[in-house]
Amino acid sequence: SQTIHQWPATLVQPVGSPLSLECTVEGTSNPNLYWYRQAAGRGLQLLFYSVGIGQISSEVPQNLSASRPQDRQFILSSKKLLLSDSGFYLCAWSLGASGVEETQYFGPGTRLLVL
Amino acid sequence: AQSVAQPEDQVNVAEGNPLTVKCTYSVSGNPYLFWYVQYPNRGLQFLLKYITGDNLVKGSYGFEAEFNKSQTSFHLKKPSALVSDSALYFCAFRAGNNRKLIWGLGTSLAVNP
Numbered sequence: 001s002q003t004i005h006q007w008p009a010t011l012v013q014p015v016g017s018p019l020s021l022e023c024t025v026e027g028t029s030n031p032n033l034y035w036y037r038q039a040a041g042r043g044l045q046l047l048f049y050s051v052g053i054g055q056i057s058s059e060v061p062q063n064l065s066a067s068r069p070q071d072r073q074f075i076l077s078s079k080k081l082l083l084s085d086s087g088f089y090l091c092a093w094s095l096g097a098s099g100v101e102e103t104q105y106f107g108p109g110t111r112l113l114v115l
Numbered sequence: 001a002q003s004v005a006q007p008e009d010q011v012n013v014a015e016g017n018p019l020t021v022k023c024t025y026s027v028s029g030n031p032y033l034f035w036y037v038q039y040p041n042r043g044l045q046f047l048l049k050y051i052t053g054d055n056l057v058k059g060s061y062g063f064e065a066e067f068n069k070s071q072t073s074f075h076l077k078k079p080s081a082l083v084s085d086s087a088l089y090f091c092a093f094r095a096g097n098n099r100k101l102i103w104g105l106g107t108s109l110a111v112n113p
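Protein chains in written order, with the working numbering: chain W, 1 to 115; chain E, 1 to 113.
Following this line, the structure appears as structure tokens:
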């Protein structure tokens, strides 16, 4: 069966510091991968998605970037964090090329607090 | 513009009573509809989806949802609510071949003992 991991679970960082959040998927090959941010426990905002190694689509211009160095690894980064980057970051995966039935499955999330 | 609406921020129901969490959508073409649940400080869990076929879809934990094309709705239902069903529920849809999901803002369900 497939599993998705995110770490760290919680992170407190000062403004201006760098960020690296990691997401890995096990039990599947060539998944589609997604990074979301959830603010104030409500709406989900899609930040990035990837359909393959080195292929990243950005949805919202911002202070963040994403990379996919390996097939099942997705990294969210920032060079300098802003207060507004605080939130709950969720990674998700779906079966590549599964078409309209594609279901996204989510990781446990990382809560980031920027002070 | 394509959108999905969850008209209720919060739903309160007594344990043992039926529950309904509402979702309506606006899209040109056929939508593919999803429900997810989120427990506090956790990731989202997939509950069920409608792609095609029978309008009544059954999912995890005894939940079901009915696709109503004329009313452009996909309400989530459960015949008998449990306290453990208390969580945040999200409706989402995808239109056509678009990989991205359009998300509702979520409905907080509170089941009172």
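Don't be surprised by glycine CBs; every beta carbon is placed ideally from N, CA and C. Everything numeric in this text was worked out from a predicted model, so none of it was measured.
DSSP three-state label for residue i, please.
i, result
"Val12 (chain W)", "strand"
"Glu66 (chain E)", "strand"
"Glu101 (chain W)", "helix"
"Leu44 (chain W)", "strand"
"Ser60 (chain E)", "helix"
"Ser108 (chain E)", "strand"
"Ser84 (chain W)", "helix"
"Ala39 (chain W)", "coil"
"Cys23 (chain E)", "coil"
"Val60 (chain W)", "coil"
"Gln38 (chain E)", "strand"
"Asn55 (chain E)", "coil"
In whole angstroms, what separates the C-alpha of residue i from that of residue j?
i, j, result
"Leu47 (chain W)", "Leu76 (chain W)", "9 angstroms"
"Tyr61 (chain E)", "Lys78 (chain E)", "9 angstroms"
"Ala1 (chain E)", "Tyr49 (chain W)", "22 angstroms"
"Asn30 (chain W)", "Leu112 (chain W)", "28 angstroms"
"Ser94 (chain W)", "Tyr39 (chain E)", "21 angstroms"
"Val13 (chain E)", "Val15 (chain W)", "42 angstroms"
"Gly52 (chain W)", "Pro69 (chain W)", "9 angstroms"
"Thr58 (chain E)", "Ala65 (chain E)", "Contrary to the premise, residue 58 (chain E) reads as Lys rather than Thr in this sequence. Rounded to the nearest angstrom, the two C-alpha atoms are 7 angstroms apart."
"Glu22 (chain W)", "Ala92 (chain E)", "25 angstroms"
"Gly16 (chain E)", "Ala81 (chain E)", "5 angstroms"
"Glu102 (chain W)", "Val114 (chain W)", "34 angstroms"
"Ser86 (chain E)", "Pro113 (chain E)", "11 angstroms"
"Asp54 (chain E)", "Gln13 (chain W)", "49 angstroms"
"Asn30 (chain E)", "Leu44 (chain W)", "23 angstroms"
Give me the Cβ distance between residue i and residue j, rounded to the nearest whole Å; I'm assuming they're in contact under 8 angstroms.
i, j, result
"Leu19 (chain E)", "Leu109 (chain E)", "7 angstroms"
"Val11 (chain E)", "Thr107 (chain E)", "6 angstroms"
"Val111 (chain E)", "Val83 (chain E)", "5 angstroms"
"Phe34 (chain E)", "Leu101 (chain E)", "7 angstroms"
Name the one or two DSSP bridge partners that residue i has.
i, result
"Tyr50 (chain E)", "E:Leu33"
"Ala66 (chain W)", "W:Leu76"
"Ala92 (chain W)", "W:Tyr34 and W:Phe106"
"Arg111 (chain W)", "W:Thr10 and W:Phe88"
"Gly52 (chain W)", "W:Gln55"
"Gln2 (chain E)", "DSSP, once it has assigned bridges, lists no residue as partnering Gln2 (chain E)."
"Gln10 (chain E)", "E:Ser108"
Uninterrupted alpha helix (DSSP H) stretches inside the region 72–103 of chain E (no shorter than 4 residues) | none
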